[in-house]
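Read through the structure below, which is laid out as structure tokens, and then see the notes.
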Amino acid sequence: MSFGYKHGLPDDADLVFDVRFLPNPHFVPEFRALDGTRSSRCKYIRSFPQTQEFINRISDLLIYLLPHYIREGKSY
559 MSFGYKHGLP DDADLVFDVR FLPNPHFVPE FRALDGTRSS RCKYIRSFPQ TQEFINRISD
619 LLIYLLPHYI REGKSY
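Shown next as structure tokens:
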């Protein structure tokens with residue numbers, strides 16, 4: 559879920575990752591009007607090495623955390 563910090567964190571967010579360090583396609587004219595599900599916008603974001611490194615690191619974190627959350631009854 560994407561959100562704006564000026565509106566505060568989403569009420570139902572359990573985990574929030576700040577990705578403002580990644581290149582923002584909103585500031586690229588050909589991507590500005592597209593939503594995040596468009597493949598061209600996704601390819602743009604994923605073309606940066608820091609994006610893949612972030613995905614790998616977050617994936618490792620979630621692989622570690624999820625079994626612990628489930629064991630504590632936090633399976634949603």
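Counting from 559, one number per residue, gives the positions in the sequence shown under our numbering. Every residue gets a Cβ at the ideal spot worked out from N, C-alpha and C, and that includes glycine. Remember, predicted model here, so these are calculated numbers, not experimental data.
Thr609 sits close to Ile603, with the two beta carbons spaced by under 7 Å. Straight through space, the alpha carbons of Asp576 and Leu623 are spaced by roughly 18 Å. Here DSSP, grouped into helix, strand and coil, assigns Phe585 to helix. A residue is called buried once 16 or more other Cβ atoms fall within 10 Å of its Cβ, and Arg590, having fewer, is exposed. CA-CA distance, Phe561 to Leu567, rounds to 7 Å.
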